[in-house]
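**Student:** After the structure tokens below, expect a handful of questions from me.
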Amino acid sequence: MDQSLNDIIQQLQDIRTQFEKEIEACSGAEVLEALRIKYLSKKGIISGYLALLGKVAPEERPLLGQQLNELKSLAQNLIAERVEGLQLSHRTHTFFDTSLPGIKPLYGRKHPLRVVQDEIKSIFTSMGFRIEMGPELESDYYNFEALNIPVNHPARDSHDTFYITDNLLLRTHTSPVQVRTMEKFKPPIRIIAPGRCFRKDAIDATHYPTFHQVEGLVVDEGINFADLKGIILAFAKKLLGEDIKIRFRPSYFPFTEPSAEYDFSCFKCGGTGCRICKGTGWIEISGAGMVHPAVFKYVDYDSEKYTGYAFGMGIERIAMLRYQIDDIRVFYENDLRFLQQF
Amino acid sequence: MKVTLDWLKEYVNFKLSAEEVAEKITLQGLEVDGITYVHYDFNGVFVGTITTVEAVADSDHLSRCQVDVGNRTLQVVCGAPNVRSGLKVPVAVDGALLPNNIRLKTSTIKGVASEGMICSAAELGISNQSDIVLELDNQIPDGLNLKEYLEKGEAVIEIDVTANRPDCLGVIGVAREVAVFSGSRVKKPEFNVRENSDQHVDELIKVVILNPENCPRYTARYIENVTIGPSPLWLAKRLEAVGIRSINNVVDITNFVMMETGQPLHAFDYDTIADGTIVVRNAKPDESFTTLDEVERKLDEESCMICDAQKPVALGGIMGGLNSEITGSTTRILLESAYFNPDNIRRTSKKMGLSTDSSQRFERGVDYDGVVYALNRATALFCELGGGVAAHGYVDNYPNKIEKTAISLRPSRLKQVLGIPIDIGRIEDILRSLEFDVNVVNDVIHVNVPSHRPDVSIEEDLIEEVARIYGYNNITGNISAVIKLDSRKNSIESFSQEVRDISTGIGYLEIVTNTLIQKSETRPFCVNEPIDIRNPLSEDLASLRSSLIPSALIVARWNLNRQNRSFKLFEIGNTFHWLVKGQQHEEQTKIVYLGTGNIREGIWAEPDKAIGFHDIKGDLELFCDRLNVRNVDFQDSSYSFFDHRQLDLTVDGARIGCLGSINRNIQKLFEIKNEIFVAELDFHELLKHKEWEKTYNSIPKFPSIFRDLSFLVDVDVPSKRIIAEIWQAGGEYLRSVKLYDLFTGKQIENNKKSLTFSLVYFSEERTLTEEEVDSSISQIIDSLKQKLNINLRT
Ligand SMILES: [Zn+2]
């Protein structure tokens, strides 16, 4: 044994320093492979020292063995690390197309009529209204008679009604829900009733045989016309903004007295006059009024004690104005290219 | 109802433009549909006076006229019988343009030069009168451009009169509204009837009313010596402006007075009325009658007939009869002005499908006190414009006098309804301006309603009258009202919102479709009797849908025909069917889902993966899970509109819907070629099974053990059976069984499939040992082997 253990350990340290230097400088997979062969192959530098292990004194073997193993695993780890690093950097060099469109999950959309209806519902529920519903296939009694529109009343002319039998019809408005609600509950009543209605109108850009309304009804002691105007104004502002103005015009509905039509100031031109408001600055919305005492009689409410107001509005009309849709038929065609816009 | 500005000015003084009047009456409650200006379709026609008339040689009817048109005199050849010296006429000069693009040139007729044309009313498009030239009023100066003269000031206001205001179906009624805001009062025209004092009406006309409930009042006059002829220009022009064709003087006068007063009149040829007797009665069973429009109408026992001593002569208040109408040779007239029961007129008009200017007024209620005024007004005009003479007096058969409605108005009630107080003096003024009789006693306003306002019958009506004149817009909205919450919960509404949120969340587009559908399209989906509409708009909208599936298929077809190939749609809507035909029906709310095409259309990562049966099934499973509807299962079903891929969806064993693939017959019916999957659920059944409350389940504290098992199974063994068996044999710690992989193909023998299940075990009390799980696994394997002859795949 011509070398002392210390010498050998010193040599191993030099090898380690040298290896670290070389691997630091190593720039490619081929050089790295050459390095592995140089140090770790069967005929490599570290293997050469392993052969020495049998030749040192038995008491020195553990220390040398430990030193050699450390060096070997260090070399292996460093090479493996570099190989991995090289592979990673290799990947960044092949083209990865980040510009491909993102993969979107499928998401549905709500129909614009429902979007508008939802918004109207949430405005009124935020003002303490509850939602009621009624059947679409309605009796003559609820659709007409209990609303003070007896048989042979001329007001029936303006309701082009689809009949199933003499007494069964497709409701022409959501107003029957007023009667149904008052039959079910005692005041205070504070409801809106959204729903589908039907009129026998020939189909064109502004008429469709089915359409949607929202009915409102408030009944209690001390409810009056000024409250009605207040609620319509509050609704208009919430729907269309603080600047909106309302206008009431006297009108006629058999189930309200006094009756009114209400208009909103044109939300396109602000009231100066444009194509949408036909130059008037106002847009007709719908009807309203104080519940007629005859209607209270049908539901057995004391009209001296209770007063109430009712109002309506057309969903299609508001949706058409809001989205500037000029043909009502598109709502019912349900073309994807239409639905996907909302 | 159309009125012209000039016509209104006959009865009330005001200085506003048509636009200003429209604005004011709108805010007072008359809805204005629009303002138009009278337009005549000719040019180059001037007013002239015929100075000389000579016969043209070689002609039996042509005349050579010299016409003074102001600045010059024209020679015109004319064939009309009424040309005469001194007559004021319209003359179309060289280059004039007449309706239908006829351009006039000077010409030579029978060797005589003609420098223009004297026009008839028909040639100018003013009326139908074509056999004589139009005779103009003498006051019109020569040389005036006739078009400018006719169009001047004739702004037409079209009013959409609501059903409660029959008074505004007459120009005087509209004038009353104008009078209110212009601060004046309506002046009705005054006139004298030219009567023959030797002849009394009672000797000529007898009126018997057998049905006073349907005809409360019948008045009549006798006029003789009437010459039927053209109306003067002012009358023709006035009627034409409001959309009524000028026919002849008698017809025009009855129409004019109706338009003026709102009272329909009917003129009979007196010589056709047997015994000069009018009998008003209800029709007899099976009686029929031919009205003026030459339609034979079948009557019923409630129709009110006007008859003479022998036969019916008019369908009362609706239309006259062919047998008694005015003709060109009529000289004696029986003029009717009556008040008919509104309900009865409406009923008959509806039943006959016959709505006329007359019936529309009677069914809303005419002015019962204005009947005689209109009778006399028309009689006076017959005399003035038709050369007639009336017999002395008139018949007024009025068995049960209609009393004016008396109502009281309490100012306190007005404040209760309107929310603002209005001074009692102001209330009185408003009501008086509307011609109500007002009398205030102890702060209560007692009112007699004028006869032309049949709509006003209760206190609230008076409140509306006051409010509309006071101005709705002078009542300030109360935006700070105290709100009493109506806090009763509506679970249907919140459930519906949830359904829509989840459905859009899993990729479905919401659609809204027509409830009305073609019979043939709803029939295949109807288990019960479908409901048809008695009076459909058209054949393709003649039924109510009994299922939402056809509605969704119609939308699918629409889109497929427009290159939209992949989509998922949903709708919440109502369906209808009979429980007992004609007597008892059911209205149900359903939810429909439809999917077709590729799962992710336009996504480059997986372009061609088509929506399949199990995608829709999975959507339903997820949907029910999100809704917190538990115990969902699927059962075999046999719907005739699906192919073999179909199931019922059940909850707690109750059927609440179905899903499947549309079969070929349905595809053919709807002209669809694509594969389409649909599901339909019953909204209320689903709602019934929804658990509103959720309670927290604690997360297991001890680790779970996961095992995968692959089996080789005959292809026709349903996976559901194997899963059920695994659960059965798995023991108490088995917590989850999921089908993890399914494959068939080369590696697998024929008619077999490989199923891999993922199993999860845990205990809430302790950590399970591998041995415990192993023993469960071997029980599962044994059980599958024994019961289903299924082997573990090795
Ligand atoms: Zn505008």
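Protein sequences, first through last, are from chains A and B.
Take any residue in the first sequence, count from 1 to its spot, add 92: that is its number in our numbering.
Take any residue in the second sequence, count from 1 to its spot, add 245: that is its number in our numbering.
All C-beta atoms in this analysis are idealised placements derived from N, C-alpha and C, irrespective of residue type, glycine included.
#1: What residue does the alpha helix (DSSP H) around Val800(B) start on, and which one ends it?
#2: Measure how close the beta-carbons of Val292(B) and Leu319(B) come, nearest whole angstrom, since I'm counting them as under 8 Å.
#3: Residue ranges of each beta strand (DSSP E) run of no fewer than 3 residues wholly in the segment 285-336 of chain B, ordered along the chain?
#4: Closer than 8 Å, CB to CB, is His265(A) near chain B or not?
#5: When we look at the beta-carbon of Glu705(B) and count the other beta-carbons within 10 Å, is it buried (16 or more) or exposed?
#6: Identify whether Phe388(A) lies in helix, strand or coil by the three-state DSSP scheme.
#7: Please state the DSSP three-state secondary structure of Ala437(A).
#8: Indicate the three-state DSSP secondary structure (helix, strand or coil) for Glu112(A) in the structure shown.
#9: Taking only heavy atoms of ligand 1 into account, decide whether any of them is closer than 7 Å to the Cβ of Lys360(A).
#10: Taking Cβ positions, are Ser906(B) and Asp893(B) nearer each other than 8 Å?
#11: Report back the beta-carbon spacing between Glu230(A) and Arg263(A) to the nearest angstrom; my notes put them in contact at under 8 Å.
#12: Measuring straight from C-alpha to C-alpha, what distance separates Arg222(A) and Glu307(A)?
#13: Could you check the C-alpha separation between Asn169(A) and Phe922(B) for me, to the nearest Å?
#14: According to the Cβ coordinates, are Asn689(B) and Arg655(B) closer than 8 Å?
#15: In the DSSP assignment, the alpha helix (DSSP H) including Pro273(A) goes from what residue to what residue?
#16: Please confirm if Trp803(B) has its CB atom under 8 Å from at least one CB of chain A.
#17: Given Val877(B), which residues of its chain have a CB within under 6 Å of its CB, disregarding the five upstream and five downstream residues?
#18: In the segment 194-219 of chain A, which residues sit with their C-beta less than 7 Å from some C-beta in chain B, listed in chain order?
#19: Determine the DSSP secondary structure at Gly857(B), reduced to helix, strand or coil.
#20: Considering only heavy atoms of ligand 1, does any lie closer than 7 Å to the CB of Gly43(A)?
#21: Nearer than 7 Å: is that true of the beta carbon of Ile368(A) relative to any heavy atom of ligand 1?
#22: May I ask you to report which of helix, strand or coil DSSP gives Arg542(B)?
#23: If you drop the 5 nearest sequence neighbours on each side, which residues of the same chain put their C-beta closer than 7 Å to that of Gly610(B)?
#24: Decide if Tyr300(A) is buried, meaning its Cβ has at least 16 other Cβ atoms within 10 Å, or exposed.
#25: In the DSSP assignment, find the beta strand (DSSP E) that holds Cys552(B) and state where it starts and stops.
#26: First and last residue of the alpha helix (DSSP H) that includes Ile578(B)?
#27: Would you mind reading off the limits of the alpha helix (DSSP H) that contains Gln432(A)?
#28: Look at the alpha carbon of Asp303(B) and the alpha carbon of Val357(B), and state the distance between them as a whole number of angstroms.
#29: Under the rule that 16 or more other beta-carbon atoms within 10 Å means buried, what is Arg577(B), buried or exposed?
#30: Counting pairs of beta carbons, one from the segment 386-404 of chain A and one from the segment 264-275 of chain A, are three or more of them closer than 8 Å?
#31: Taking 8 Å as the CB-CB limit, is Ala651(B) close to chain A?
#32: Would you say Arg341(A) faces chain B, with C-beta separation under 8 Å as the test?
#33: Is any heavy atom of ligand 1 found at a distance shorter than 7 Å from the C-beta of Gly220(A)?
#34: Using a Cβ cut-off of 8 Å (strictly closer), state whether Ala420(B) contacts chain A.
#35: Listed from N- to C-terminal order along the chain, which residues in the segment 268-282 of chain A have their beta-carbon within a distance smaller than 8 Å of any beta-carbon of chain B?
#36: In angstroms, rounded to a whole number, what distance separates the CA positions of Pro852(B) and Arg845(B)?
**Tutor:** Answer, in terms of the structure:
#1: Note, Val800(B): alpha helix (DSSP H), Ile794 to Leu805.
#2: At roughly 12 Å, the Cβ-Cβ gap does not stay under 8 Å, so Val292(B) and Leu319(B) are not in contact.
#3: The qualifying runs are 288-300, 308-313 and 318-323.
#4: Cβ-Cβ to chain B under 8 Å: no for His265(A).
#5: Counting Cβ neighbours within 10 Å, Glu705(B) comes out buried, since at least 16 surround it.
#6: Look at Phe388(A) here: in three-state DSSP terms it is helix.
#7: Any question about residue 437(A) goes unanswered here, given that chain A covers just 93 to 434.
#8: Here Glu112(A) carries a helix assignment [DSSP, helix/strand/coil].
#9: It does: the Cβ of Lys360(A) is within 7 Å (strictly closer) of some heavy atom of ligand 1.
#10: Taking 8 Å as the Cβ cut-off, Ser906(B) and Asp893(B) do not qualify as a contacting pair.
#11: Distance from Glu230(A) to Arg263(A) at the Cβ level is roughly 4 Å; contact confirmed, criterion being Cβ atoms closer than 8 Å.
#12: Going by the C-alpha atoms only, they are around 11 Å apart.
#13: One C-alpha to the other measures close to 58 Å.
#14: Note on residue identity: the sequence assigns Val, not Asn, to residue 689(B). Taking 8 Å as the Cβ cut-off, Val689(B) and Arg655(B) qualify as a contacting pair.
#15: Sequence check: residue 273(A) is Thr here, not Pro. From DSSP, the alpha helix (DSSP H) with Thr273(A) extends over Pro268 to Lys276.
#16: Trp803(B) counts as touching chain A.
#17: So the qualifying residues of the chain are Cys869 and Val896.
#18: With the criterion set as a beta carbon lying under 7 Å from some beta carbon of chain B, the members of the segment 194-219 of chain A are Ile195, Leu198, Tyr199, Gly200, Arg201, Lys202, His203, Leu205, Arg206 and Met219, in sequence order.
#19: Residue state, collapsed to three classes: coil.
#20: Because chain A spans 93 through 434 in this model, residue 43(A) falls outside it and cannot be assessed.
#21: Flag set: Cβ of Ile368(A) near ligand 1.
#22: The answer is strand: DSSP assigns Arg542(B) an E or B state.
#23: If we look at Gly610(B) and ignore the five residues flanking it on each side, its Cβ neighbours are Pro411, Pro587 and Pro699.
#24: Buried, by the Cβ-count rule.
#25: Annotation: the continuous beta strand (DSSP E) that includes Cys552(B) extends over Cys549 to Cys552.
#26: Counting along the chain, Ile578(B) falls outside any alpha helix (DSSP H), though it belongs to the beta strand (DSSP E) covering Ile578 to Tyr584.
#27: Per DSSP, Gln432(A) belongs to no alpha helix (DSSP H) and is neither H nor E.
#28: Spanning the alpha carbons of Asp303(B) and Val357(B) requires a straight line of approximately 11 Å.
#29: It is buried - the Cβ of Arg577(B) has at least 16 other Cβ atoms within 10 Å.
#30: The segment 386-404 of chain A is in contact with the segment 264-275 of chain A.
#31: Output row for Ala651(B): interface = no.
#32: So, interface residue.
#33: No, Cβ of Gly220(A) sits at least 7 Å from all heavy atoms of ligand 1.
#34: So no, Ala420(B) is outside the interface.
#35: Cβ contacts with chain B come from Phe277, Pro280, Ile281 and Arg282.
#36: So the alpha carbons of these two residues sit roughly 7 Å apart.
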